[in-house]
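Residues 31 to 342 in the working numbering are what the sequence shown lists, from first letter to last. Glycine included, every Cβ here is placed at the ideal spot set by N, Cα and C.
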Amino acid sequence: MDASYPCIDDVVPSPEVCDGLDNDCDGVVDNGALEGGQPCVVPGQFGVCAQGASTCVNGQLVCAQVMFPSAEQCDGLDNDCDGAVDDGDPGAWQPCVVPGQFGVCAKGATKCVNGQLVCAQLVQPSPEACDALDNDCNNVVDDNPPALCPGISVCYNGTCPIVMCITCGAPPCPPCELGAPCMKDAECASGMCHAGKCVASINGCDVMTAVEKTTVPSVAITFPGPGLVFSPACVKVKAGTNVTFSGDFSLYPLEGGHVENGAVIPAAAGPFVPATNAGTSKTFTMGKAGTFPYVSPAHANAGMIGAVFVVP
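The structure is reproduced here in structure tokens:
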């Protein structure tokens, strides 16, 4: 044959494709076909199992499955390939602490929501009971103990004792120790009964070091002093004394309450209830003996706290 003439119908190598032929003429059929390895959906499969990649089989492109069933997880996917995402609430009902909640309300259980495990609250607030729990979820256990038990019994360590020495300070009872139930200051060795139990101090004040004002008919307390304080913050007065607070109540509201573990616990009753949040001067008449803490709530942790101790 004369090489100067072309070969009619000559076939030259071309890129390999999936067609059952050796297109690139390397002696191997359908090797490295260009169409292979492309994402595809596997017919008849669900969830992650529907993910596939194209592959050449016997000269035909097919979608080969690349993912297989596994245990369902809370991830927004259908891991077990049954056609349902996150079915069976995977990872649920594990104990957890609900963010931002206190007491019994902090008790939670995990739940799968939108592919994320969240802590679902199990218990809602209820009226406080004498049970050593924080039922009303205000971060105080058994608060206002005298109101939690019938008669003269006072809630103590989660129970309502039937027999109690509520006249401590007089024979035959010795003075009550710290934490013991009480009904008045005189029953406590510390001289301070607050929220039904003997305390050593309240709002940084104690009756032994409070400014002595029992010989005067009126007392003036100003605020805010240097460093955001009441001045004087802790005073001891006689029943019937007029205590006048002077300052801007619109900026520094005044209300009965105390700080416990960094949280402001409002008083349920007392001379400083309800809150005063307007004006620049207000006089309170201390009508009965007792321990009466007060705060400026927004500035309590900065130092705007105090107490008035009223003695008979």
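Report the start-end ranges of each beta strand (DSSP E) in the segment 71-119 that is 3 residues or longer and not cut off at the edges. 81-87 and 90-95
Between the CA atoms of A159 and P323 - distance to the nearest angstrom: 24 Å
Would you call the segment 113-120 in contact with the segment 80-88, where contact means no fewer than 3 C-beta pairs closer than 8 Å? no
Which residue or residues does DSSP assign as beta-bridge partners of H288? I295
What number of angstroms, rounded off, separates the C-alpha of D164 from the C-alpha of A250? 37 Å
Excluding the 5 residues flanking P43 on each side, which residues of the same chain have their C-beta closer than 6 Å to its C-beta? D54 and C55
Go through its chain and collect everything with a Cβ distance to F132's Cβ below 7 Å, but skip five positions before and after it. D164, C167, N168 and N169
Can you check which of these residues, C135, V171, P175 and W123, is closest to V148 by C-alpha distance? W123
Output the distance between the C-alpha atoms of P247 and N331, rounded to the nearest integer angstrom. 31 Å
Who pairs with K147 in a beta bridge, going by DSSP? Per the sequence shown, residue 147 should be read as Leu rather than Lys. Per DSSP, C142.
Which residue or residues does DSSP assign as beta-bridge partners of A337? C264 and P323
Looking only at C-alpha atoms, which of G255, T310 and A298 sits nearest to G277? T310
Would G77 be called buried (16 or more neighbouring beta carbons within 10 Å of its own) or exposed? buried
Take P301 as the anchor and find which of V294, V289, L284 and E290 has the nearest alpha-carbon. L284
Residue range of the beta strand (DSSP E) that includes S311: S311 to T315
Once you ignore the five residues that flank P202 on each side, which residues in its own chain have a CB closer than 8 Å to its CB? With a pLDDT of 48 at P202, under the threshold of 50, the predicted position of this residue should be treated as unreliable, and no value is reported.
For E46, which of E102, Q90 and C79 has the nearest alpha-carbon? Q90
Cβ-based neighbour list, A293, same chain, cut-off 7 Å, excluding 5 preceding and 5 following: N169
Let's test the definition: count the other Cβ atoms within 10 Å of the Cβ of K318 and tell me whether it reaches 16, buried, or not, exposed. exposed
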